[in-house]
Amino acid sequence: MSFPWAKQYQPTSEVGKWMDERLPLARFVHGALGPGYPTPKNLNAFYNFGVLAGVALVIQIITGVVLAMHFAADTRVAFDSVEHIMRDVNGGWMIRYMHAVGASFFFGVVYIHIFRGLYYGSYKPPREVLWMLGLVIFLLMMATAFMGYVLVWGQMSFWGAQVITGLFSAFPVVGTYIQTLLLGGFSPDNATLNRFFSLHYLLPFVTFGVIILHVWALHIPGSNNPTGVDVKSEADTVPFHPYYTAKDFVGLGIYLILFAAFVFFMPNSLGEPDNYIPANPLSTPAHIVPEWYFWPFYAILRAFTTDFLGVPAKLWGVLAMFASILLLFLLPWLDTSPVRSNNYRPLSRLLFWVFVVVAVVLGVCGGKPAEEPWVRLSQVLTAYYFAHFLIILPIVSKLEKTKPLPGSISEAVLAKYGSKSGGGDTAPLAQPAE
Amino acid sequence: MIRLGALAVGLLFVVNVLWGAIAPREAASPDMTKELHKHPKHMEWAHNGPGNLGVFGTFDRAQLQRGFQVYKEVCAACHSINRVAFRDLADLGYNEGQIKTIAAEYDVAAIDSNGEPTTRKATGADKFPLVYANEAAARAAQNGANPPDLSLMTKARPDGTNYVYSLLTGYSDDVPKGWVKPDTLYYNPYFHSINIAMPPPLAADGQVTYSDGSPATTDQYAKDVTAFLTWTAEPKLENRKETGMAVILFLIIMTGLGYLSYRKVWADVKKA
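Sequence order for the protein chains is V and F.
Sequential numbering from 1 applies to the first sequence in the numbering used here.
Sequential numbering from 1 applies to the second sequence in the numbering used here.
Written as structure tokens, this is what we have:
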């Protein structure tokens with residue numbers, strides 16, 4: 001789009017020309033996802049996950065719209081209507097399992113997408129707005145997933161709604177008002193279920209809108225790449241279609257195979273058995289835990305156990321949980337290194353992998369009951385989580401000695417593949433196609 | 001400026017949470033429930049197929065029918081399976097006539113021609129009726145306990161199928177020393193709180209008379225009724241796995257072809 005050598009759309013038929021002068025939709029697609037979008041030629045498999053996230057959202061919307069045709073948002077029958085879908089609606093079991101497993105897969109894919117962005121410095125200039133829009137999508141997803149989980153009106157739905165809306169009551173003065181507003185009452189009830197259903201149907205389309213902005217913002221500078229070096233010439237790029245459509249299709253196939261393995265052979269392995277018990281306001285489950293994709297944040301929430309500076313521990317936990325995501329908005333200004341890719345930042349790369357381990361183990365802690373050793377472990381890991389972004393990364397990015405960058409993407413590709421074919425340094429630019 | 005602010009906020013959170021980490025806390029009091037509690041036994045099930053992997057395998061129809069018999073003669077005294085319709089029993093291999101006969105053994109609420117509440121015999125379209133009209137009635141009849149509906153039981157507990165089997169066969173008279181068990185409750189280490197209100201339901205061999213020659217033992221009853229309850233919780237299990245096979249086969253072929261075209265498209269790019 002932004003490169004001068006991008007192929008221009010040429011309508012071939014009379015109808016195509018007529019339409020192009022009135023509504024250039026084909027021209028738009030051609031430039032956004034077609035041959036008219038020059039893309040770095042060295043993108044690896046991790047760059048597939050943006051497309052996969054888009055597909056995951058579409059699967060959620062399609063299955064969700066069908067489920068809504070049979071679901072009843074009323075506390076007296078919500079759970080029954082879900083079981084009706086599972087037992088009596090033709091193919092209903094498949095649609096619901098796809099939707100439930102699909103939520104987990106959506107988060108899985110988005111987490112890999114985010115970590116890819118962290119590793120290759122995709123948040124750095126000129127892609128700050130692109131990164132922040134991605135975080136907005138992530139926040140919307142979290143809200144949507146939480147509200148969708150409540151709709152089932154099982155035990156974990158009810159008590160999850162109680163706990164999560166209860167977080168807001170930690171804020172002084174306005175807290176209880178916010179909680180009452182969210183619930184539409186003083187505890188989760190019919191008003192809660194109805195507003196959550198309404199918002200659960202709305203937010204995916206809002207997400208879709210933000211994704212359009214996200215993709216728009218992507219097309220201004222074009223994709224980052226594993227070297228983090230800017231595109232310098234046409235030799236550095238290939239047209240998105242057919243090159244990346246072909247490559248992403250393979251990734252999509254592998255994704256769908258994994259997805260199908262879960263949907264058809266272990267559909268309940270990612271969920272809490274407690275949610276197959278109808279909601280009972282009089283019986284609290286022994287362990288209230290969210291779905292796995294919220295575990296790291298749940299661990300951070302519970303890591304604050306002591307009052308500090310006159311602020312109660314509960315409020316610290318809530319503030320930390322929100323801060324743990326919001327601080328990512330500042331990342332482009334916290335990491336000031338001019339080098340994007342961690343491939344050329346040895347110390348940052350090490351810290352990145354430490355952070356991955358910390359995030360995963362925090363997740364494990366979040367899924368466990370609030371007892372030792374998990375509480376103490378999540379406290380230490382939470383400390384590292386904040387230190388990583390707010391203290392260590394700003395300092396390291398200033399002091400770190402980076403490795404020399406390749407002159408261009410082509411040079412890096414040649415260095416990787418050229419040696420295999422024995423070409424060496426004789427004629428790096430005129431390598432014949434094999 | 002941003003980085004100084006971040007540093008301050010970062011230090012605040014780090015010091016705060018580490019302070020919490022080193023703060024002394026009450027030593028966890030030894031929890032006897034946790035020590036006595038046992039994880040479900042690992043059993044092999046027909047519906048899990050070879051290797052118990054869950055990939056292949058179908059329900060054993062004869063076992064489901066025996067399990068239904070155990071449910072009807074033992075469990076149904078207190079527990080409903082209210083999410084199952086009589087017509088669903090066709091899955092177990094019963095024909096229409098047999099289902100009609102089974103349904104007719106139950107009465108369901110109805111309204112007579114004068115508008116007065118009455119009862120009628122159930123039909124295939126009805127669900128298995130509740131045992132108790134409501135929770136209060138159940139608790140009044142059951143010494144304060146509320147026997148749960150069993151339709152979804154094997155999905156509502158971790159490792160549910162094994163759990164139900166373990167619970168049914170896990171009663172013990174040897175109450176460990178120091179464990180307090182009220183006289184109205186029973187000792188069962190597979191139950192989350194150990195003391196369970198349900199008396200051992202499968203008490204003696206020969207309690208249920210099988211017509212197909214299967215061993216009339218409590219262990220066999222437990223296996224059969226557990227298989228039956230796995231079906232009530234997941235009646236589409238076989239359909240699900242069959243569909244999954246076809247879907248995955250299709251996807252593998254599709255991805256394979258996709259990979260070949262990817263290789264062809266990229267053939268001239270990789271090395272230059």
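Every residue, glycine too, gets a C-beta built ideally from N, C-alpha and C.
As the structure is a prediction and not an experimental result, all values here were calculated from the model.
Given that W19 of chain F touches chain V, what residues does it touch there, using C-beta distances under 8 Å? T306, F308, listed in chain order.
Comparing alpha-carbon positions, which option in V:V129, V:I164, V:P296, V:Q155 lies nearest F146 of chain V? Residue nearest to F146 of chain V within the set V:V129, V:I164, V:P296, V:Q155 is V:I164 (criterion: CA-CA distance).
Quick check on W45 of chain F - is its C-beta less than 9 Å from some C-beta in chain V? Not an interface residue.
Residues of its chain near V55 of chain F, where Cβ-Cβ distance is below 7 Å and the 5 sequence neighbours each way are ignored: Result list for V55 of chain F: G49, in chain order.
From the DSSP output, in three-state form, read off F308 of chain V for me. F308 of chain V falls in the strand class under three-state DSSP.
I'd like the span of the beta strand (DSSP E) that includes P121 of chain F, first residue to last. The amino acid occupying residue 121 of chain F in the given sequence is Lys; Pro does not appear at that position. In this chain, the beta strand (DSSP E) harbouring K121 of chain F covers 117 to 121.
At a CB-CB cut-off below 7 Å, which residues of chain F make contact with W316 of chain V? Correct list: N16.
Give the DSSP bridge partners of D107 of chain F, in chain order. DSSP output for D107 of chain F lists F:K121 as bridge partner(s).
Quick one: is Q10 of chain V buried, meaning 16 or more other Cβ sit within 10 Å of its Cβ, or exposed? Label assigned to Q10 of chain V: exposed.
Chain-ordered neighbours of V55 of chain F on chain V, where CB pairs are closer than 7 Å: Result: F265.
Near-chain V residues of the stretch 239 to 253 of chain F (beta-carbon distance less than 7 Å), N- to C-terminal order: Listed by position, the residues of the stretch 239 to 253 of chain F near chain V (Cβ gap below 7 Å) are R240, K241, T243, G244, V247, I248, L251, I252.
L257 of chain F, DSSP secondary structure in three states: L257 of chain F sits in a helix when the DSSP states are folded into three classes.
Which ranges would you report for the beta strand (DSSP E) in the stretch 194 to 245 of chain V if only whole runs of at least 3 residues count? Listed in chain order, the complete beta strand (DSSP E) runs (minimum 3 residues) inside the stretch 194 to 245 of chain V are 237 to 239.
CB L229 of chain F to CB V131 of chain F, shorter than 9 Å? Here L229 of chain F is not near V131 of chain F, since their CB atoms are 9 Å or more apart.
I'd like to confirm the pairing. Which residues does DSSP put opposite T39 of chain V in its beta bridges? DSSP lists V:V238 as partners of T39 of chain V.
For Y187 of chain F, three-class secondary structure by DSSP: Looking at Y187 of chain F - three-state DSSP - the assignment turns out to be strand.
Residues of chain A with a CB under 8 Å from the CB of G160 of chain F: which are they? Looking at the structure shown, chain A is missing, and the protein chains on hand are V and F.
At a cut of 8 Å, does the stretch 119 to 131 of chain V reach the stretch 222 to 231 of chain V through at least three beta carbon pairs? With the cut-off at 8 Å, the stretch 119 to 131 of chain V and the stretch 222 to 231 of chain V touch.
Within 10 angstroms of its Cβ, does S440 of chain V collect 16 or more other Cβ (buried), or is it exposed? Because chain V in this structure spans residues 1 to 434, residue 440 of chain V falls outside the shown range and cannot be described.
What is the C-beta distance between L439 of chain V and L218 of chain V, in whole angstroms, given that I count them as a contact (C-beta under 8 Å)? Residue 439 of chain V lies beyond the range of chain V shown here (1 to 434); nothing can be said about it.
Which runs of the alpha helix (DSSP H), 4 residues or longer, sit entirely within the stretch 98 to 167 of chain V? DSSP assignment within the stretch 98 to 167 of chain V yields the following whole alpha helix (DSSP H) runs of 4 residues or more, N-terminal first: 128 to 151.
Using alpha carbons as the reference points, say which of V:K17, V:A387, V:A161 lies closest to N275 of chain V. Answer by Cα proximity: V:A161.
G185 of chain V classed as buried or exposed, judged by whether at least 16 other C-beta atoms fall within 10 angstroms: When all chains shown are included, G185 of chain V counts as exposed.
Answer with buried or exposed for D31 of chain F, where buried requires no fewer than 16 other C-beta atoms within 10 angstroms of its C-beta. It counts as exposed.
Nearest to K401 of chain V by CA position, among V:E371, V:P338, V:F355, is which residue? Per the Cα distances, V:P338.
Is the CB of H37 of chain F under 9 Å away from at least one CB in chain V? So, not an interface residue.
Any residues in the stretch 311 to 345 of chain V with a beta carbon nearer than 8 Å to a beta carbon of chain F? Which ones, in chain order? Flagged, chain order: A313, W316, A320, A323, L327, L330, W333, L334, T336.
Residues of the stretch 136 to 166 of chain F with Cβ closer than 7 Å to any Cβ of chain V, in chain order: Cβ contacts with chain V come from L152, K155, A156, R157, P158, G160.
Three or more C-beta pairs closer than 8 Å, one from the stretch 75 to 83 of chain V and one from the stretch 25 to 35 of chain V: is that the case here? With the cut-off at 8 Å, the stretch 75 to 83 of chain V and the stretch 25 to 35 of chain V do not touch.
Looking at the secondary structure, which residues open and close the alpha helix (DSSP H) in which R61 of chain F lies? For R61 of chain F, the enclosing alpha helix (DSSP H) has its first and last residue at 61 to 73.
In whole angstroms, what separates the C-alpha of D268 of chain F from that of T255 of chain F? So the alpha carbons of these two residues sit roughly 21 Å apart.
When the cut-off is 9 Å and only beta carbons count, does P394 of chain V lie next to chain F? So, interface residue.
Does G124 of chain F come within less than 9 Å of chain V when only Cβ atoms are used? No, because no Cβ of chain V sits closer than 9 Å to the Cβ of G124 of chain F.
Near L182 of chain V, which residues of its chain fall below 6 Å by C-beta distance, leaving aside the five closest residues on each side in sequence? The beta carbon of L182 of chain V sits closer than 6 Å to the beta carbons of T165 from its chain, once the five residues preceding and following it are set aside; these are given in chain order.
What residues in the stretch 121 to 136 of chain V bring their beta carbon closer than 9 Å to a beta carbon of chain F? So the list is empty, because no residue satisfies the distance condition.
Give me the Cα-Cα distance between G10 of chain F and G258 of chain F, rounded to the nearest whole angstrom. Across the structure, G10 of chain F and G258 of chain F are spaced so that their CA atoms are roughly 47 Å apart.
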